[in-house]
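The next block holds one structure in the form of structure tokens; read it before the comments.
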Amino acid sequence: RQYQSPGGPGDDTTPPGQYPPKQALPGKQASSGPNGCAIAAIIVGGLLVLALIGLFFAGRSVFDEVIDGLENEGFTFTAGDEINWDQVNVGDCVNFVDAFESGDDTTFVSTLERVQCIESHDAEVYALRDLAGGTWPGFESVYSDGDDICYEAFAPYVGIDYIDSLYFYEVYTPSPESWDDGDRTVACTLIDLDGPLDKPLRDSRE
Numbered sequence: 082r083q084y085q086s087p088g089g090p091g092d093d094t095t096p097p098g099q100y101p102p103k104q105a106l107p108g109k110q111a112s113s114g115p116n117g118c119a120i121a122a123i124i125v126g127g128l129l130v131l132a133l134i135g136l137f138f139a140g141r142s143v144f145d146e147v148i149d150g151l152e153n154e155g156f157t158f159t160a161g162d163e164i165n166w167d168q169v170n171v172g173d174c175v176n177f178v179d180a181f182e183s184g185d186d187t188t189f190v191s192t193l194e195r196v197q198c199i200e201s202h203d204a205e206v207y208a209l210r211d212l213a214g215g216t217w218p219g220f221e222s223v224y225s226d227g228d229d230i231c232y233e234a235f236a237p238y239v240g241i242d243y244i245d246s247l248y249f250y251e252v253y254t255p256s257p258e259s260w261d262d263g264d265r266t267v268a269c270t271l272i273d274l275d276g277p278l279d280k281p282l283r284d285s286r287e
């Protein structure tokens, strides 16, 4: 999948990797509230938030409580797994392993590492939706549809409207290459511009 500011087509060159990459797109621009200026700065400046560094969440009792809560919701994971986009599940917390930048400010992401949500991680997957099939509809159509999906899915997952949230989202859509291989899935991820995530954000109301 590839990441770039809206308004231009993705690179047609397939980067190295075992699975076709997806394109990563910034979330919907907000006109007011805590997120508005920061998102505008991302789009104007081309800021890419893919590599985050963080701290581990301390406390064994908190660890057990979080894990028990996830297991009660039916969430399972194997920490340290390297996965492709077709193996991602809603609720997964991931680090971006393979990211390849092209010459037009497009970044492709093909491989992720699935980790426990109380560990430092780049993003949390909060929605997966399939686009309609057919021929490649073009960058603008894919971006628009993916952005609408992620914006609408934000509040039901986090428990608070996007405009009021501390967090941002990114839209991962099929690239032209992965589309040709049958990929139709939009993946929506939660991120924090101030640093890494270190806890699950489902129903966090933050």
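For the sequence shown, my numbering gives the first residue as 82, with consecutive numbering after it. For each residue, glycine too, the CB sits at the ideal point set by N, CA and C. A quick note: this is a predicted structure, and the numbers were derived from the prediction, not measured.
Note that the C-beta distance between residue 199 and residue 284 is not below 8 Å.
In this structure, the beta-carbon distance from residue 224 to residue 254 falls below 8 Å. In chain order, 208, 210, 252, 267, 269 place their CB closer than 8 Å to the CB of residue 230, counting only its own chain and leaving out the 5 sequence neighbours on each side. Assignment of beta-bridge partners to residue 164 by DSSP yields 193. In the three-state scheme derived from DSSP, where H, G and I count as helix and E and B as strand, residue 198 is classed as coil. Around the C-beta of residue 170, fewer than 16 other C-beta atoms lie within 10 Å, and the residue is accordingly described as exposed. Of all alpha-carbon atoms in 167, 164, 248, the one lying nearest the alpha-carbon of residue 282 is that of 248.
When the alpha-carbon of residue 263 is set against those of 272, 216, 221, the nearest one is in 216. The C-beta of residue 222 has fewer than 16 other C-beta atoms within 10 Å across all chains shown, which makes the residue exposed. In this chain, residue 244 is not harboured by any alpha helix (DSSP H), its DSSP state being neither H nor E. Going by beta carbons, residue 173 and residue 206 fall inside the 8 Å limit.
Its chain contains 252, 254, 267 as the residues whose beta carbon lies nearer than 6 Å to that of residue 227, once the 5 sequence neighbours on both sides are disregarded; these appear in chain order. Residue 211: member of the beta strand (DSSP E) spanning 204-211, first to last residue. If you draw a 10 Å sphere on the C-beta of residue 258, you find 16 or more other C-beta atoms in it, and that means buried. Membership of residue 255 in the beta strand (DSSP E) is indicated by the continuous run 249-255. Annotated three-state conformation of residue 171 is coil, per DSSP. Per DSSP, the unbroken beta strand (DSSP E) holding residue 271 starts and ends at 266-272.
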